[in-house]
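J.: The structure under discussion is supplied below as structure tokens; questions concerning it will follow.
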Amino acid sequence: MKSIELYMQLTAKIEAFEAKLLAACAPHIKCARGCSACCILESVFPVEAWNIYSTITSGPGSFSVRAPGREQGRCVFLSGGECSIYACRPVICRTHGYPIMAEGRVDFCPENFKGVSSIDSGFILDLDALNRALVSINRIFLDENRDEFFTSERIILADLKARIPEVP
Numbered sequence: 002m003k004s005i006e007l008y009m010q011l012t013a014k015i016e017a018f019e020a021k022l023l024a025a026c027a028p029h030i031k032c033a034r035g036c037s038a039c040c041i042l043e044s045v046f047p048v049e050a051w052n053i054y055s056t057i058t059s060g061p062g063s064f065s066v067r068a069p070g071r072e073q074g075r076c077v078f079l080s081g082g083e084c085s086i087y088a089c090r091p092v093i094c095r096t097h098g099y100p101i102m103a104e105g106r107v108d109f110c111p112e113n114f115k116g117v118s119s120i121d122s123g124f125i126l127d128l129d130a131l132n133r134a135l136v137s138i139n140r141i142f143l144d145e146n147r148d149e150f151f152t153s154e155r156i157i158l159a160d161l162k163a164r165i166p167e168v169p
């Protein structure tokens with residue numbers, strides 16, 4: 002599907018941004034494996050849900066998504082403080098905590114960039130432009146998609162997780 006190709010291109014751009022950011026600013030970034038303070042996501046766009054679902058169900062069983070229970074208000078794919086879908090995580094999870102420009106204001110995780118007075122504009126992600134691209138890709142996906150589950154405006158992650166067959 003064209004939308005999936007576009008979505009993968011978008012996530013590749015985010016990964017390139019992240020690599021550039023980490024190469025230059027790693028000492029100032031506390032986001033790391035085991036930090037799950039921002040893992041409160043409840044829903045995603047259908048194109049993101051489809052990417053998660055298709056990655057998990059077509060993979061060689063490298064995902065463990067049947068974590069026992071979950072903490073109230075935490076992402077259903079969080080397991081032991083770690084993301085069980087890291088390789089196919091949604092866009093917001095790829096950008097959260099990093100410097101973003103949203104509605105004319107720069108924001109980032111309060112644990113990051115402590116004591117730093119300014120951040121080079123090349124290390125600030127334009128979240129508004131990113132979201133516009135994601136919405137556009139999602140519209141294309143909705144036109145291409147034939148699976149009724151992925152037709153809602155947003156897909157609840159708990160519903161998506163329930164749809165994924167258990168992996169032995």
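Positions 2 to 169 (the numbering used here) are the ones given, in order, by the sequence shown.
Note that beta-carbon positions come from the ideal geometry of N, C-alpha and C, so glycine has one too.
Being a predicted model, the structure only gives us computed values, none of them experimental.
1) Are Pro47 and Asn132 touching if we call contact CB-CB under 8 Å?
2) Applying the criterion that 16 or more other CB atoms from any shown protein chain within 10 Å of the CB defines a buried residue, is Leu128 buried or exposed?
3) Answer with buried or exposed for Tyr87, where buried requires no fewer than 16 other C-beta atoms within 10 angstroms of its C-beta.
4) Exposed or buried, Ala50, counting other C-beta atoms within 10 Å across all chains shown (16 or more means buried)?
5) Starting from Ile101, trace the beta strand (DSSP E) both ways and give me its first and last residue.
6) When we look at the beta-carbon of Gly105 and count the other beta-carbons within 10 Å, is it buried (16 or more) or exposed?
7) Within its chain, find whatever has a CB closer than 8 Å to the CB of Ile156; leave out the 5 residues flanking it on each side and keep chain order.
8) Would a C-beta distance cut-off of 8 Å place Cys110 and Leu79 closer than the cut-off?
9) To the nearest angstrom, how far is the alpha carbon of Asp160 from that of Met102?
10) Excluding sequence positions up to five away, which residues of its chain have a Cβ less than 7 Å from the Cβ of Cys26?
11) Going along the chain, which residues of its own chain have a beta-carbon closer than 7 Å to the beta-carbon of Cys1, five neighbours each way excluded?
12) Indicate whether Arg95 and Ile15 have their beta-carbon atoms separated by less than 8 Å.
13) If you draw a straight line from the C-alpha of Asp121 to the C-alpha of Leu7, how long is it?
T.: Short version:
1) Taking the first residue of the sequence shown as 1, we reach residue 47 at position 46. Taking the first residue of the sequence shown as 1, we reach residue 132 at position 131. No, the Cβ-Cβ distance between Pro47 and Asn132 is not below 8 Å.
2) On the sequence shown, residue 128 is found 127 positions in, with the first residue counted as 1. It counts as buried.
3) Position 86 of the sequence shown, counted from the start, is the residue given in the question as residue 87. Around the C-beta of Tyr87, fewer than 16 other C-beta atoms lie within 10 Å, and the residue is accordingly described as exposed.
4) Within the sequence shown, the letter at position 49 stands for residue 50. Around the C-beta of Ala50, 16 or more other C-beta atoms lie within 10 Å, and the residue is accordingly described as buried.
5) Stepping through the sequence shown from its first residue, residue 101 is reached at position 100. Residues 101-103.
6) The count along the sequence shown starts at 1 and reaches residue 105 at position 104. It counts as exposed.
7) Taking the first residue of the sequence shown as 1, we reach residue 156 at position 155. For Ile156, where only same-chain residues beyond five positions count, the Cβ hits under 8 Å are Ser44, Val45, Phe46, Pro47, Glu49, Ala50, Phe150.
8) As a position in the sequence shown, residue 110 is number 109, starting the count at 1. As a position in the sequence shown, residue 79 is number 78, starting the count at 1. Result no, Cβ atoms of Cys110 and Leu79 do not sit closer than 8 Å.
9) Position 159 of the sequence shown, counted from the start, is the residue given in the question as residue 160. Position 101 of the sequence shown, counted from the start, is the residue given in the question as residue 102. Roughly 31 Å between the two C-alpha positions.
10) Here residue 26 is taken as the residue at index 25 of the sequence shown, counted from 1. Cβ neighbours of Cys26 beyond the five flanking positions: Phe124.
11) Residue numbering for the chain in the displayed model covers 2 to 169; residue 1 lies beyond these limits and cannot be assessed.
12) Here residue 95 refers to the residue found at position 94 of the sequence shown. Here residue 15 refers to the residue found at position 14 of the sequence shown. Yes, the Cβ-Cβ distance between Arg95 and Ile15 is below 8 Å.
13) Taking the sequence shown and counting its residues from 1, the one referred to as residue 121 is at position 120. Taking the sequence shown and counting its residues from 1, the one referred to as residue 7 is at position 6. Distance between the alpha carbons of Asp121 and Leu7 is about 28 Å.
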